[in-house]
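**Student:** Below is the structure I would like to discuss, written out as structure tokens.
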Amino acid sequence: MNAELTNQTVIVVGGTSGMGLAIARLAISRGASVTVASRSPDKVVAVASELGAVGVPLDTTDEASVREFFAAVGPLDHLVVTGSSVRTGTLKDAPLEDGEFTFRSKFFGPYLCAKYAQMKPTGSITFFSGILSRRPGHNDAVLAGVNAAVEAMGRALARDLAPVRVNTVSPGMTRGTSAYLSMPEAAREGMYTSIASNLPVGRVGTADDIAAATLMLMTNGFITGVTLDVDGGGVLV
């Protein structure tokens, strides 16, 4: 077992499914003491038991809850914020409240986590954006905007919070992403196959791909202020 994170404290917000769960599992395998947090108390309990981690319910859109959570956690080495909820729709039809909700969850949620986290000087914060910041599809104006905002925040906080390192992971199409789990399996697999055929690497990503990239950002002390594309070359096509 590699032990890059031995005796280090890692918080994974959104750590009960998908990419966040893979990150939490990998951090534990590298010796970290991990706390997973998400909005679902039932998922938190189940995943914490499965991983041997600490689990805490957390709504990152509630500032008081975020403040209390990090006050209880105390000093930490690494913070990873993967979890958010978004609402999508067309420019003409989607209510403004949906866009505001998306920004409150995906931008201000991580913002509040960074604000209240008691980071050790040698630590790191990793945000998550997405390929839509640079390759938006149809009706993706809000998602493209919020992803770009998260990336800009990461660069700004890399200066404001130094020597704490702040980076952003920008995933491309990744298997297991919650946004696609409601699709019929055949349709979902067809979508993956179609997208994979256009990617330079010839496949879509996995949660483990994203976790490995996140671990690298956590443990490389000379990387800060970057947005790391983990997209199989998706921004190229």
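Using this note's numbering, the first residue of the sequence shown is number 6, and each one after it goes up by one.
Ideal Cβ positions, reconstructed from N, Cα and C, are used throughout, including at glycine.
#1: At the level of alpha carbons, what is the spacing between residue 124 and residue 130?
#2: Once DSSP output is grouped into helix, strand and coil, what is the label at residue 128?
#3: Per DSSP, what kind of secondary structure is residue 82 in: helix, strand or coil?
#4: Does the region 104 to 124 come into contact with the region 175 to 187, if we say contact requires no fewer than three beta-carbon pairs (one atom in each stretch) closer than 8 Å?
#5: Could you tell me how far apart the beta carbons of residue 43 and residue 19 are, in whole angstroms, since I believe they sit closer than 8 Å?
#6: When you compare the CB positions of residue 96 and residue 144, do they come within less than 9 Å of one another, or not?
#7: State the DSSP-derived secondary structure class of residue 74, mapped to helix, strand or coil.
#8: Using 8 Å for Cβ pairs, my map puts residue 59 next to residue 52. What's the rounded Cβ distance?
#9: Looking only at its own chain, which residues have a Cβ that is under 6 Å from the Cβ of residue 36, when we skip the five neighbours before and after it?
#10: Is DSSP giving residue 170 helix, strand or coil here?
#11: Would residue 229 and residue 85 qualify as a contact pair, given that the criterion is a beta-carbon distance under 9 Å?
#12: Provide the residue span of the beta strand (DSSP E) that contains residue 233, from first to last.
#13: Under the rule that 16 or more other beta-carbon atoms within 10 Å means buried, what is residue 236, buried or exposed?
#14: Nearest-angstrom Cα distance between residue 56 and residue 90?
#15: The beta strand (DSSP E) spanning residue 275 covers which residue range?
#16: Within 10 Å of its beta-carbon, does residue 134 have 16 or more other beta-carbons around it, so buried, or fewer, so exposed?
#17: Quick one: what does DSSP say residue 151 is sitting in, helix, strand or coil?
#18: Taking three-plus beta-carbon pairs below 8 Å as touching, is the region 105 to 118 in contact with the region 60 to 75?
#19: Taking DSSP's pairing of strands, which residues face residue 14 in a bridge?
#20: Going by the DSSP bridge assignment, what does residue 43 pair with across the sheet?
**Tutor:** By the coordinates alone:
#1: 8 Å
#2: strand
#3: strand
#4: no
#5: 6 Å
#6: yes
#7: helix
#8: Actually they do not touch by this definition, with Cβ atoms about 11 Å apart.
#9: 8, 10, 11
#10: strand
#11: no
#12: 232 to 235
#13: buried
#14: 24 Å
#15: Any question about residue 275 goes unanswered here, given that the chain covers just 6 to 242.
#16: Using a 10 angstroms sphere on the CB of residue 134, the tally of other CB atoms reaches 16 or more, which defines it as buried.
#17: helix
#18: yes
#19: DSSP links residue 14 through a beta bridge to 38.
#20: Bridge partners of residue 43: 62.
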